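Data block below; observations after.
There are 2 protein chains.
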Amino acid sequence: MKHLPRVHLNGLRAVEAAGRCGSLSAAADELGVSVGAVSQQIIKTEAQLGAAIFERTGRGIRPTGLGQQFVDRLSLGFQTLDAAVAMTRHHTDSVLTISVAPVFASKWLVPRLARYTRAHPETKLRLEASTDLINPDSSDIDLAIRVGEGDWPGVKSEYLLPQEVFPVCAPALADALETPEDILTAPIIRDANSNIAWDVWLKPLGLDQRDLVEGDSFTDAALCLDAAIAGQGVMLAWHTLAHDALQCGRLVAPFQERARTRYSYWLITSENRQEPAKVREFKAWLRGEIEEMLEI
Amino acid sequence: MKHLPRVHLNGLRAVEAAGRCGSLSAAADELGVSVGAVSQQIIKTEAQLGAAIFERTGRGIRPTGLGQQFVDRLSLGFQTLDAAVAMTRHHTDSVLTISVAPVFASKWLVPRLARYTRAHPETKLRLEASTDLINPDSSDIDLAIRVGEGDWPGVKSEYLLPQEVFPVCAPALADALETPEDILTAPIIRDANSNIAWDVWLKPLGLDQRDLVEGDSFTDAALCLDAAIAGQGVMLAWHTLAHDALQCGRLVAPFQERARTRYSYWLITSENRQEPAKVREFKAWLRGEIEEMLEI
DNA sequence: CGCTTTGTTTTAGAAAAACTATATGAAACA
DNA sequence: TGTTTCATATAGTTTTTCTAAAACAAAGCG
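Residue numbers (numbering that gives the first Met the number 0), protein chains in the order written: chain L, 0 to 295; chain B, 0 to 295.
As structure tokens, then:
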């Protein structure tokens with residue numbers, strides 16, 4: 000870029016349009032400005048280049064020999080820029096980037112995505128599995144699903160559903176669990192990263208988490224679920240994450256009681272950016288899936 | 000150009016520079032503006048695109064997946080534009096376009112150009128043979144040589160030499176021309192387009208053009224000269240155009256008397272544009288050639 | 001020849017964009 | 001913990017660009 004800084008980009012665009020269209024008026028029309036504006040831009044650019052790009056014939060303008068070559072090359076350059084912008088538009092229109100926690104992705108979202116893809120084949124999905132708080136304005140995330148209190152600043156948070164937790168275990172283990180008190184005898188599978196205490200479920204039943212029997216501990220909720228399915232013990236599972244395993248009978252919930260934590264599921268989008276169609280569609284689909292899950 | 004109009008060109012340049020340089024400060028440095036200006040431009044462009052091009056990491060910026068592709072394509076586009084501008088600069092620096100009357104080109108200028116090319120091999124000459132009045136500001140003519148009274152508006156006119164005319168003919172014919180009166184007996188070759196009357200030469204000698212013997216007539220001074228060389232008659236030749244033929248003896252001037260017309264040779268350049276080196280050099284060379292011709 | 005059409009340039013003033021300087025904030029360095 | 005590095009926010013200023021209307025200029029036409 001040794002020579003470009005010497006001239007105004009808008010002037011180059013005016014020159015290109017005028018050269019391609021063959022007249023200032025046609026160029027002004029294309030650029031959506033007045034004829035005078037185009038004339039001024041071209042004159043200024045010619046001065047900056049120190050060379051005449053057009054001959055004025057009284058019947059209109061005609062590129063000089065140099066001018067024609069120049070215009071041709073400018074056209075090429077602007078076409079490239081246009082293609083670059085077109086690419087982003089296509090990308091933003093057709094690629095939906097979703098940020099979700101890895102466990103929620105694998106245990107709930109991914110198994111349902113095939114239905115979404117079937118309903119919206121024109122949208123390519125890109126899943127970004129991460130627990131970091133994201134800002135849709137300063138990343139290419141279109142939409143995130145997060146569990147929390149919905150008080151994140153600088154983003155738009157829409158309530159999805161409450162977070163409910165309850166004990167789950169393998170069917171074989173469940174036989175020994177007839178009343179809530181029996182849970183104090185079963186090994187407890189713990190998610191070391193979870194900040195949800197058993198008390199949230201035990202307290203309303205008059206029990207205390209300090210009486211629980213320690214079992215295995217994992218750093219990932221997905222591993223806990225797998226351990227529970229394998230019959231390693233009882234875990235305090237999130238409703239959403241356990242749902243599918245409960246459906247197909249690989250897990251069971253020995254007790255009816257469910258506890259609501261102080262957290263909920265929230266759908267995070269940009270506060271500033273206008274909602275694109277792909278986001279609107281995904282949100283509608285997501286609410287439908289949640290509806291369906293809650294009905295069962 | 001369906002997508003480009005949606006975004007600001009200057010913003011695209013900021014995005015490209017930031018993406019290539021890897022940081023706003025480096026981009027600001029390259030663009031010669033403040034960091035804040037670059038930041039604002041990029042933010043505005045991202046809003047116009049409706050997509051994030053950079054991720055903000057606290058340690059600086061990093062292009063998103065889409066952003067990197069976008070920046071790469073922008074780089075390509077701006078390189079093309081830069082090359083286009085570079086081309087005009089090279090062209091204006093190294094190509095000298097001269098407008099001269101066709102006859103002056105063929106009978107005087109072209110035979111001398113080899114010497115110029117030898118002295119200035121870096122300058123490519125382009126001769127535009129035309130008698131039209133030109134305007135160096137609204138065409139790609141750098142310099143013109145014209146015969147007239149030097150009163151053209153809107154251009155810079157520099158005096159070169161007076162126009163002198165005198166009769167010339169083939170050596171064989173000259174034997175019969177001992178005194179000016181003898182010219183009334185010889186056939187006169189006429190340039191139908193010339194506006195120089197024989198009286199300008201005849202009157203000071205007490206003769207009248209109405210007594211001349213009509214010979215052949217041509218619409219081009221070059222053809223008249225060729226006819227004179229072929230011995231068809233006597234013509235009233237311009238000093239400059241006849242000079243080379245006189246030097247090598249193919250024409251002779253039977254009489255010493257020369258007449259000055261009211262016209263002169265003028266060198267026309269742009270009134271507004273600053274004089275490039277190539278023009279200055281050519282002017283110096285031209286004055287040298289004229290000097291040399293007048294000495295002989 | 002004057003009149004009309006077509007097309008560019010010139011103005012002056014208005015509107016929009018871009019820029020600077022400074023303050024603020026946030027992460028890494030050490 | 002303070003320092004450095006980088007990006008962003010804000011407010012006011014400067015610069016650029018635009019519009020609208022008039023002025024030109026060259027053709028084409030009755």
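Glycine residues also receive a C-beta, built at the ideal position from the N, C-alpha and C atoms. Owing to the predicted nature of the structure, the values given are computational and were not obtained by experimental measurement.
A straight-line Cα-Cα distance of about 37 angstroms links Gly10 (chain B) and Gly147 (chain L). With fewer than 16 other Cβ atoms from the protein chains shown falling within 10 Å of its own Cβ, Pro152 (chain L) counts as exposed. Restricted to the region 115-173 of chain B, the alpha helix (DSSP H) segments that are unbroken, complete and at least 4 residues in length are 170-173, listed in chain order. DSSP places Val212 (chain B) in the uninterrupted beta strand (DSSP E) bounded by Val212 to Phe217. Across the region 39-68 of chain L, CB contacts with chain B closer than 7 angstroms involve Leu48, Gly49, Ala50, Ala51, Glu54, Arg55, Thr63, Gly64, Leu65 and Gln68, in sequence order along the chain. Leaving aside the five residues that flank Lys155 (chain L) on each side, the residues in its chain whose CB is nearer than 6 angstroms to its CB run, in chain order, Thr268 and Glu270.
Here Ser33 (chain L) carries a coil assignment [DSSP, helix/strand/coil]. With a contact defined as Cβ atoms closer than 8 angstroms, Ala16 (chain B) and Gly76 (chain L) miss out at about 16 angstroms.
Judged by pairs of C-beta atoms under 8 angstroms, the region 100-111 of chain L does not touch the region 31-42 of chain L, as fewer than three such pairs exist.
Contact between Glu127 (chain L) and Thr87 (chain L) fails: their C-beta atoms lie close to 18 angstroms from each other, not under 8 angstroms. For Pro253 (chain B), the closest of B:Ser22, B:Ser263, B:Val34 and B:Gly232 by C-alpha to C-alpha distance is B:Gly232. Under the three-state reduction of DSSP output, Ser263 (chain B) falls in the strand class. Between the C-alpha atoms of Ile295 (chain B) and His242 (chain B) there is a straight-line separation of about 9 angstroms. Note on geometry: alpha-carbon atoms of Pro275 (chain B) and Gln47 (chain L) lie some 14 angstroms from one another. Under a criterion of Cβ atoms nearer than 7 angstroms, the residues of chain L adjacent to Met0 (chain B) are, in order, Phe77 and Asp81. In summary, Asp190 (chain B) is buried, with 16 or more beta-carbon neighbours lying within 10 Å of its beta-carbon over all protein chains present.
Taking each of L:Ile140, L:Ala220 and L:Ile187 in turn and checking the Cα distance to Asp210 (chain L), the smallest one comes out for L:Ile187. With the criterion set as a beta carbon lying under 7 angstroms from some beta carbon of chain L, the members of the region 10-36 of chain B are Leu11 and Arg12, in sequence order. Note that the C-beta distance between Arg125 (chain L) and Val94 (chain L) is below 7 angstroms. Using beta-carbon distances, Asp139 (chain L) counts as an interface residue toward chain B, with a partner under 7 angstroms. If you ignore the 5 residues before and after Lys123 (chain B), its C-beta comes within less than 8 angstroms of the C-beta of Ser93, Val94 and Leu95, all in its own chain and listed in chain order. According to the DSSP assignment, Val99 (chain L) belongs to the beta strand (DSSP E) that extends over Val94 to Val99.
One alpha carbon belongs to Arg111 (chain L), the other to Trp284 (chain L), and they sit about 10 angstroms apart.
The three-state reading of DSSP puts Ser74 (chain B) in helix, counting H, G and I together.
For Trp197 (chain B), the three-state secondary structure derived from DSSP is coil.
Beta bridge pairing from DSSP links Phe254 (chain B) with no other residue. Secondary structure of Thr268 (chain B) (DSSP, three-state): strand. Sequence-distant partners of His7 (chain B) (beyond 5 residues in either direction) whose C-beta falls short of 8 angstroms from its own C-beta, in its chain, are Gln40, Lys43, Thr44 and Gln47. What Met86 (chain B) touches in chain L, judged by beta-carbon distance under 7 angstroms, is Gln68, Phe69 and Arg72, going in chain order. Per the Cβ contact rule, the region 159-166 of chain L is not in contact with the region 65-76 of chain L (fewer than 3 Cβ pairs under 8 angstroms).
Spatial neighbours of Ser263 (chain L) in its own chain (CB-CB distance under 8 angstroms, excluding positions within 5 residues in sequence) are listed in chain order as Val146, Gly147, Glu148, Gly149, Tyr158, Leu159, Leu160, Pro161 and Gln162. The criterion of a C-beta distance shorter than 7 angstroms is satisfied by Leu65 (chain B) and Asp139 (chain L). If you draw a straight line from the Cα of Ala229 (chain L) to the Cα of Ala244 (chain L), it comes to about 12 angstroms.
Chain-order list of chain L residues neighbouring Leu8 (chain B): Leu8, Asn9 and Arg12, by C-beta distance under 7 angstroms. Sorting B:Gln67, B:Ala13, B:Trp107 and B:Ser24 by C-alpha distance to the C-alpha of Leu240 (chain B) places B:Trp107 at the top. Excluding sequence positions up to five before and after Val212 (chain L), its CB lies within less than 8 angstroms of the CB of Leu183, Thr184, Ala185, Pro186 and Ile187, all in the same chain and listed in chain order.
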